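Taking the numbering used here, the leading residue of the sequence shown gets 1, the next gets one more, and so forth. Virtual Cβ for every residue (Gly too), placed ideally from N, Cα, C. Given the structure is predicted, the values throughout are model-derived calculations rather than measurements.
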Amino acid sequence: MTKVIRLFFFIFLPAAAVYYLRSSVTDVILVIGGTLLVFLINAAKEEIKANENRLKLIFENAKDAIFWVGSDGTIINCNRSATLLLKRTKPELVGQPQTILYPPAKAQHYIDLIDEQLNANGAFDNDIEIISTTGEIVPIQMTASRTKIGNKNITQSIARDISERRHLEALKDEFLGTVSHELRTPLTTVKETIAQTLDGILGPTTEQQREFLTLCLEDIERLVRIINGLLDISKIEAGKIKMTKEPVDMVALTSKLAYLFSSRAKETNLRLITELPQGSLEAYVDQDRVIQIFTNLLGNAFKFTEKGSITIHMEERARWIECSVADTGKGINPEDLPKLFNRFEQVGRAQFHKDGGTGLGLSIAKGLVENHGGKIWVESKPGEGTKFSFILPRYERDVIAISAISEAISMANVMHQPLSVFVIKLKGLNMHSSKDERPNSHNLHEILLEIENMIRANGKFSTTIGKEEIIAIAPVGKSEAAGMQTQLRRMIKGFIFEASQEAQISFSYGHASFPQDGASGRDILKKADENTAEEAQVQKQQNILVVDDEPTLVEGLRHWLNRGGYKNIATATDGQEALEKIDQSVPDLILLDMRMPRMSGYEVIGRLKQNAKTQSIPILIISAYEVETEKFRQYTTNAIPSISKPVNMELLQKWVEYLL
């Protein structure tokens, strides 16, 4: 009705007016045409506006969260569901970098992954995580695509909260895990009984009985493999699988695996080809899990390849290491590729081989790759073979360290807690010069892993292990950080003293605190690196007091300590003189004889331990006689170490390094 009224006013009234004024027919046509054109333009504008309003309404009221990200990585628009999901207002999101959407430790990885898939496939569809303003990590299913609005190229991301789905999956995995555990005991009993029967322990058996029992035993072993696979998958999907990430030389690891599989290649008349880069190529991974990934993929390749070759390929990408296992086997039909990584899926290849396997190997491999932050995919053509490829993160010290520190800072902000970062670097492993000593059984890397485990066991620290270094993070402020660093230093020195009896390990340490030393992970790491001090150099600046009534021994110890780089050496010839010197300047270590004129070492210990100013000074007893520990046990519950005269200088060196 509205349009009819408008038509009347815009066309018929002007036409009537022209006719009334006796204008020409041409004039009437021009007026009517112009008026009709104006009417159509206005109608089109109103229709466009109505469509825009409808689209805005759909955009704002969509159940899923929607984000528009510009080509510069800035959020340019979002809907109401997005603000509710992130617990932020629209002004708090629009204009901010897209990194605000993701957990700090994973932000750059997610952005790179989205860009990579958009560039390759034109679309992104994967399960990832976002972080709300309260620090809550929310699992989402994100679908992203690129489009153009006006003259702007944007990435539109649609996010759906899958917390409920994850909860149901967790319940399912918990059920699977419980059932799997419960099945292990009876299966073990049945397996052992059948094995003993086959071995003749339970009495004689016929040939036919042994044949059937052997089949039963094979099926039981297959069931055990399925149960172990289910347990692995349950842990992977629940995020409970233990991952000890460290720098790993992928070239060396892959060469070792190729050697281990070479005998199988000979047995099956297949060529095992390796295409590896020269030198080393380090990834930041759990070495045992990477071996499991390769073993599953190589096992599949050997299982489904009758002739030809299997090729292990590796190449370096910007921030990734790409690995692949390719075979010249039967191949996989295109329609089967999307379900290849599902549990118990064998997509027709099982018929190609008598051993169908469990159908869990590829699902486990996918979970392990994704737990490393990587991606796995497959390419195959029937009759031409199959190629499995996956990417793992390269080891880049600053990237990994900054990521860990940034995530800790994010949580510290949410929890309103302070934060301190400690960098511990092992500098080298130098063997002592004694000809009678054997090489140390610990290498530097093993010692590093053991020290990291010890620091974690302390319960106050989270740790990230790097190449010959550990980054430890604790929720303590700057005022407590120095004391915490001293505690770490003592722990490491104690471990080195106990674990490496034949080697001398040097290390350095530094720390920085948030927010006093910086507002970002990069700033904090830089400050901690700048504050790094060499333990050996710190020791050389310490004050040592040598107390003994034998001038020759005192002079010999002073000379030996000076030669070792210790410059601040004071001496005393008896206990009385020692206490007078300690009263003037408190030393960092006392080398103490026990039998001296005027005042014995026992009385010196008693007086020092009763004085709050001196009770914590470390003491090393050097005595030609048996030490009567009961004489000073009333003053201290801590054992005081002692070495006998004549002094073993290498043993003395270890004690001095440990106590300072």
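What is the rounded straight-line gap between the Cα of Val248 and the Cα of Ser462?
-> 21 Å
Which value, in whole angstroms, describes the spacing of the CA atoms of Ser389 and Ser324?
-> 4 Å
Going by the beta-carbon positions, is the gap between Lys148 and Ile140 smaller than 9 Å?
-> no
Short check: CB of Ile621 to CB of Leu592, under 9 Å?
-> yes
Cβ-heavy atom distance between Ala65 and the ligand HEM below 8 Å?
-> This structure simply doesn't include the ligand HEM, nor any ligand for that matter.
Within the chosen definition, does the segment 162-179 reach the segment 446-458 through at least 3 CB pairs nearer than 8 Å?
-> no
Give the range of the beta strand (DSSP E) segment to which Ile409 is assigned.
-> Segment 397-415 is the alpha helix (DSSP H) holding Ile409; no beta strand (DSSP E) there.
Could you check where the beta strand (DSSP E) with Tyr284 kicks off and where it finishes?
-> 282-285
Which term fits Asn648, buried or exposed, when burial requires 16 or more other beta carbons within 10 angstroms of its beta carbon?
-> exposed
In chain order, what residues of the same chain lie with their CB nearer than 6 Å to the CB of Ala326, ignoring the 5 residues before and after it?
-> Thr311, Lys387
Below 8 Å, can you find three or more Cβ-Cβ pairs linking the segment 93-103 to the segment 58-74?
-> yes
Residues that Arg394 bridges to, as DSSP identifies them = Ala283
Pro515 in three-state terms, based on DSSP = coil
Kindly indicate which three-state DSSP category Arg222 falls into: helix, strand or coil?
-> helix
List the DSSP bridge partners of Pro139.
-> Glu129
Closest by C-alpha distance to Tyr662, when choosing among Ala482, Asp517, Phe497, Glu498 | Only positions 1 to 660 of the chain appear in the structure, and residue 662 is not among them; the question remains open.
Secondary structure of Asn61, DSSP reduced to three states = helix
With 16 as the cutoff for other CB atoms within 10 Å, does Pro334 come out buried or exposed?
-> exposed
Do you know how far the Cα of Pro618 is from the Cα of Lys559?
-> One detail in the question is off: residue 559 reads as His in this sequence, not Lys. Approximately 21 Å between the Cα atoms of the pair.
CB contact flag (Gly556, Gly575, <9 Å) = no
Rounded straight-line distance, which links the Cα of Glu282 to that of Tyr658 | 34 Å
Any idea what DSSP makes of Thr295, helix, strand or coil?
-> helix
From the DSSP output, in three-state form, read off Gln615 for me.
-> coil
Starting from Glu384, follow the alpha helix (DSSP H) in both directions and report where the run begins and ends.
-> From DSSP, Glu384 is part of no alpha helix (DSSP H); its letter is neither H nor E.
Determine, using beta carbons only, whether Ala570 and Pro597 come nearer to each other than 9 Å.
-> no
Taking the CB atoms as reference points, tell me whether Asp161 and Ala144 lie closer together than 9 Å.
-> no
For His372, which three-state DSSP category applies?
-> coil
Kindly indicate the opening and closing residues of the alpha helix (DSSP H) around Lys654.
-> 649-659
Look up Lys152 in the DSSP assignment and say whether it is helix, strand or coil.
-> strand
What separation, rounded to the nearest whole angstrom, lies between the Cα atoms of Leu652 and Ser642?
-> 10 Å
Mind checking whether Val224 and Leu276 have CB atoms under 9 Å apart?
-> no
So what's Thr463 in DSSP terms, helix, strand or just coil?
-> strand
Look at the alpha carbon of Gly663 and the alpha carbon of Glu630, and state the distance between them as a whole number of angstroms.
-> There is no way to answer for residue 663, as the model of the chain reaches only from 1 to 660.
Contact the segment 400-415 vs the segment 519-535: 3+ CB pairs below 8 Å = yes
Apart from the five residues just before and just after Gly331, which ones in its own chain have a Cβ nearer than 8 Å to its Cβ?
-> Ser380, Lys381, Pro382, Gly383, Glu384, Gly385, Thr386
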